[in-house]
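Going left to right, the sequence shown walks through residues 1 to 595 as full-length UniProt numbering numbers them.
Accompanying notes for the structure given below.
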Amino acid sequence: MTPEAEDMRKKASESASQNQHHHHMGQRNYEDSRAIWIDEGFYPNACTDSSSIGSSSTQFNRGDDWYCAMHARDKEGNRVIPDKCTQEVAEKYVEYKNKQNLGEFVPQRNRDALYYARGEKADHSGRAIGYGGINVGYSKAFGKRTCGSQYSDCSSQNIESMKSSIREQLREEMNETMKLNMIQILNEMGITGFNFSSGASISTPTTSTNHAPHPFPSDEAQGPRVCRLFLNDLGTEQLVEVGGGTAFPSIPGVMCHHLPIMEGHLKVSLDTILDEHVSAPLPVPVPSVNLFTLGDAQGTFVQWPLVWVKFISEATSFKSSKGKKKMDVHKKPAKQRSLVSEQVLLSLSRDCKWMHSILASRSSDGPIVVTLDARMFHYESDDGNAYLTTEDISQFLSGAMLNIAIIQVFVIAMQDYLQGLDTHARLGWMCPDSICATTCQNNPEDVKVYIHRAITESRNTGIDILVAPYYEAYHWVLLVVWISRGIIFMYDSLRTSPMRRLLIMPLFSSVFRNICGGGQVKKITWKQMKCAKQTGGLECGFYIMRFMFDVVKSIAEGHDLDQVYTSNVRDDALSMAEIGEIRDMWAIFVSDNFL
1 MTPEAEDMRK
11 KASESASQNQ
21 HHHHMGQRNY
31 EDSRAIWIDE
41 GFYPNACTDS
51 SSIGSSSTQF
61 NRGDDWYCAM
71 HARDKEGNRV
81 IPDKCTQEVA
91 EKYVEYKNKQ
101 NLGEFVPQRN
111 RDALYYARGE
121 KADHSGRAIG
131 YGGINVGYSK
141 AFGKRTCGSQ
151 YSDCSSQNIE
161 SMKSSIREQL
171 REEMNETMKL
181 NMIQILNEMG
191 ITGFNFSSGA
201 SISTPTTSTN
211 HAPHPFPSDE
221 AQGPRVCRLF
231 LNDLGTEQLV
241 EVGGGTAFPS
251 IPGVMCHHLP
261 IMEGHLKVSL
271 DTILDEHVSA
281 PLPVPVPSVN
291 LFTLGDAQGT
301 FVQWPLVWVK
311 FISEATSFKS
321 SKGKKKMDVH
331 KKPAKQRSLV
341 SEQVLLSLSR
351 DCKWMHSILA
361 SRSSDGPIVV
371 TLDARMFHYE
381 SDDGNAYLTT
391 EDISQFLSGA
401 MLNIAIIQVF
411 VIAMQDYLQG
421 LDTHARLGWM
431 CPDSICATTC
441 QNNPEDVKVY
451 IHRAITESRN
461 TGIDILVAPY
471 YEAYHWVLLV
481 VWISRGIIFM
491 YDSLRTSPMR
501 RLLIMPLFSS
511 VFRNICGGGQ
521 VKKITWKQMK
531 CAKQTGGLEC
541 GFYIMRFMFD
551 VVKSIAEGHD
561 LDQVYTSNVR
571 DDALSMAEIG
581 EIRDMWAIFV
591 SDNFL
């Protein structure tokens, strides 16, 4: 070794000895390590943008990189910080990050959460505006140059004050614009019952003492409840009774016209409307299906603010203020109605027509309640319920997007079908409501607990394959989990390339590492099936029902998943006969068991 190299090595050794906090990335750099942290769901600021299929965006910063790099694996495979001093700094960093998220701490230039957590000395770097690195240009390190005065300075307090002022001004302008646009829309629709007096803003539901919310009755928390419906007259600021209906309890995953139920709202079937309010605007219009007024929505489902719902113990007659007509909430129709258009009805098979006939002759518009067995779906304790509404079945018969309840019932039908075969094959099932993308986003820890319970209970009972219908971004896919091999087969009728990244993927990976980390499965392998490819935009629900049936049939015949993976290769769409067979199976099962 030359004297120069020896001198450089000595200086590097002395420099390394000054390092108080040692990383545990091995030979990986931050970029490679960060990819692993994100995949394992460990990186603090990792976030997935579900607005577009298969896209993801992640925010990186040096503090989060440092925090992750300080963690090592203990004997049980858990992430820990072995050095006590480093642990204290990491705790301070988390504390500053929490303050930053709450707006109590605002980073300035390089003085971020990590800077203060490490207790670094005062910055004597002059007027430095950022810190780059080796071979990093000005724009990449510091951003685009600005032509503002170098002597201008603005404190974070002044900036926040300016932002607040601008936000308030924009809010007032947008509120006025929305009010004028709403008046114009209502006038064009011929609606004059609800005026917007000058100075009055567009009303939103509140929880004031005058408009106190009515909690869903505890004794009816698992089922629908008859209710009276109110709207807020913007002219008088008084609640006005407009009709009656049936409210359904808030259950995660329940949709209304393919839209999630908003916070503070209930899914309500609009059964009756008082005469003078037929033209009143809906509290939550649905432009996609041309629902704007109460009259448009009569006989279907809408979202209604909870604070404008009053529950009653029995069906009540509503009388208009003019006293001209009396309408009963549960009045039996004079003749048999039709759940679908005449054209759709003529195209239905014999079994689907039979189910339609039974449903159309029902005296009640209430949903069909289907019990979901806790052991079958791996619920924590009690059985669950699926509510099959008239709207759900109408969409099923019309070939529209399928709601979660339709898929839940088909899962029960598939388990019943498997048990009726002369086979020793066994499959496990996961509830689509418990793992859908909405639940993954809002309660990822709950989803991981559910996945852990489903895998553990299945292994304890000798089941090695779990079938999991999954819903994300208005699209159904089927996941088939081979527990012992650590393989998840994804049936996606869109057949995107590369394979779509789902919100549930890192959650499955995290659970598998915790359960199977002891020398068995360390990393999940995802395989995209070369399955039938849909040609339209709404039939994905029927496709995964067909995929479920094919998987159950193949496993019952003694094929393993590798054989299914290699034998079920196709590039064409499902035929009408293949979809029709599945629809008939569902219709027969519902007619025989729930009608």
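Here a beta-carbon is modelled for each residue, glycine too, at the ideal position from N, C-alpha and C.
In this text the structure is predicted, and so the values were computed from the model without any measurement.
Enclosing beta strand (DSSP E) for residue i [first to last residue]
i       : result
Ser-269 : 265-273
Thr-246 : 238-248
Val-411 : Val-411 -> not in any beta strand (DSSP E); alpha helix (DSSP H) instead, spanning 404-419.
Val-551 : Element bounds for Val-551: not the beta strand (DSSP E) but the alpha helix (DSSP H), 540-556.
Ile-487 : 487-491
Ile-38  : That residue, Ile-38, is in no beta strand (DSSP E); its alpha helix (DSSP H) goes 30-39.
Leu-291 : 291-293
Residues sharing a beta bridge with residue i, DSSP
i       : result
Arg-453 : None; Arg-453 has no bridge partner.
Cys-256 : Leu-259
Tyr-115 : Its beta-bridge partners do not exist; DSSP assigns none.
Thr-371 : Asn-385
Val-307 : Beta-bridge pairing links Val-307 to no other residue.
Phe-230 : Glu-241
Gly-428 : Leu-466
His-475 : Glu-472
Phe-301 : Ser-269
Gln-108 : Arg-111
Ala-72  : Val-80
Arg-225 : Ala-247
Val-481 : Leu-466, Ile-488
Burial state of residue i (16 or more Cβ within 10 Å)
i       : result
Ile-98  : It is worth fixing the name first, because residue 98 is Asn in this sequence and not Ile. When all chains shown are included, Asn-98 counts as exposed.
Leu-170 : exposed
Ala-577 : exposed
Lys-448 : buried
Leu-502 : buried
Gln-27  : exposed
Asn-232 : buried
Cys-85  : exposed
Ser-506 : According to the sequence as given, residue 506 is Pro; it is not Ser. The residue is buried, with at least 16 neighbouring Cβ atoms inside 10 Å.
Val-309 : buried
Ser-509 : buried
Lys-10  : exposed
Val-569 : exposed
Val-369 : exposed
Glu-539 : buried
Leu-372 : buried
Gly-558 : exposed
His-356 : buried
Gln-419 : exposed
Ala-35  : exposed
Chain-order list of residues whose beta-carbon lies under 6 Å from that of residue i (same chain, five-residue window excluded)
i       : result
Gly-541 : Leu-402, Trp-476
Ser-434 : Tyr-450
His-257 : Val-286, Val-289
Asp-74  : Val-80
Ile-579 : Phe-542
His-211 : For His-211, the predicted structure reports a pLDDT of 42, less than 50, and the residue's modelled location is therefore unreliable. A value from the coordinates is still provided. Excluding positions up to five away in sequence, the list reads Val-307.
Val-481 : Leu-466, Ile-488
Phe-589 : Ala-413
Phe-248 : Pro-224, Lys-267
Ala-425 : Ile-555, Ala-556
Gln-528 : Met-490, Met-499
Alpha helix (DSSP H) segment containing residue i, residue limits
i       : result
Lys-527 : Looking at the DSSP string, Lys-527 is not in any alpha helix (DSSP H); the run it does join, the beta strand (DSSP E), is 525-528.
Pro-432 : 432-435
Phe-396 : 390-398
Leu-561 : 561-567
Leu-282 : Segment 281-286 is the beta strand (DSSP E) holding Leu-282; no alpha helix (DSSP H) there.
Leu-346 : 342-347
Tyr-83  : This sequence places Asp at residue 83; Tyr is not what is there. Run containing Asp-83: none; DSSP gives neither H nor E here.
Lys-353 : 350-360
Phe-594 : 576-594
Cutoff 8 Å; reference residue i; Cβ partners in own chain excluding five residues on either side
i       : result
Phe-396 : Leu-402, Ile-406, Arg-583, Trp-586
Proximal residues to residue i (C-beta, below 7 Å), its chain only, five neighbours per side dropped
i       : result
Tyr-471 : Ile-404, Pro-432, Cys-436, Ala-437
Lys-92  : Ala-117
Ala-297 : Leu-270, Leu-282, Leu-291
Asp-7   : none
Ala-400 : Leu-538
Is there contact here, the segment 541-554 with the segment 64-82, by at least three beta-carbon pairs under 8 Å? no
Under 8 Å, with one C-beta from each stretch per pair, do the segment 450-461 and the segment 490-501 reach the 3-pair mark? no
With three or more beta-carbon pairs closer than 8 Å as the criterion, would you say the segment 378-395 touches the segment 438-447? no
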